[in-house]
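Residue numbers (full-length UniProt numbering): 1 to 92. Yeah, the Cβ is synthetic: ideal placement off N, Cα and C, and Gly gets one too.
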């Protein structure tokens, strides 16, 4: 198993992963980075969040952004929430 680090970057801040976590291969680490981006991206601006995946040696392996589907899902929830609630109330 190899050790990977997952640094978070957004417009006005960053978090540098100093502990990291072990994964079987690069693919597993990239999948984990996408999960991080999607989960944390629910709470902050989707357009600015990226997760940088580094090896133990410090080499940058990839920069991962939240999946487009999550961004569309967030926009849909924000854009339709008031109408969805008022429509549901009318049907009762």
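Item to check | Local conformation of residue 87 per DSSP, three classes | outcome: Here residue 87 refers to the residue found at position 87 when the chain shown is read from its first residue. Here residue 87 scores only 46 on pLDDT, less than 50, and its place in the model should not be relied on; the value that follows carries that caveat. In the structure shown, residue 87 sits in a helix (DSSP, three-state: H, G or I).
Item to check | Close beta carbons around residue 24, own chain, < 7 Å, minus the five adjacent residues each side | outcome: Residue mapping note: residue 24 aligns to position 24 of the chain shown, counting from 1. Taken in chain order, the residues that qualify are 1.
Checklist entry - Would you say residue 27 and residue 66 are within 8 Å of each other, going by their C-beta atoms? => result One-based indexing of the chain shown puts residue 27 at position 27. One-based indexing of the chain shown puts residue 66 at position 66. Cβ atoms of residue 27 and residue 66: not closer than 8 Å.
Checklist entry - Can you list the beta strand (DSSP E) stretches of 3 or more residues lying completely in the UniProt domain "DUF6894" (3-64), in chain order? => result 13-15, 21-23, 50-55, 60-64
Next on the checklist: In whole angstroms, give me the CA-to-CA distance for residue 9 and residue 58.
Outcome noted: Reading the chain shown from its first residue, position 9 is the one you call residue 9. Reading the chain shown from its first residue, position 58 is the one you call residue 58. For residue 9 and residue 58, the distance between alpha carbons rounds to 16 Å.
Next on the checklist: By alpha-carbon positions, which one of 6, 48, 13 ends up nearest to residue 19?
Outcome noted: Here residue 19 refers to the residue found at position 19 when the chain shown is read from its first residue. Of the candidates 6, 48, 13, the one whose C-alpha sits nearest the C-alpha of residue 19 is 6.
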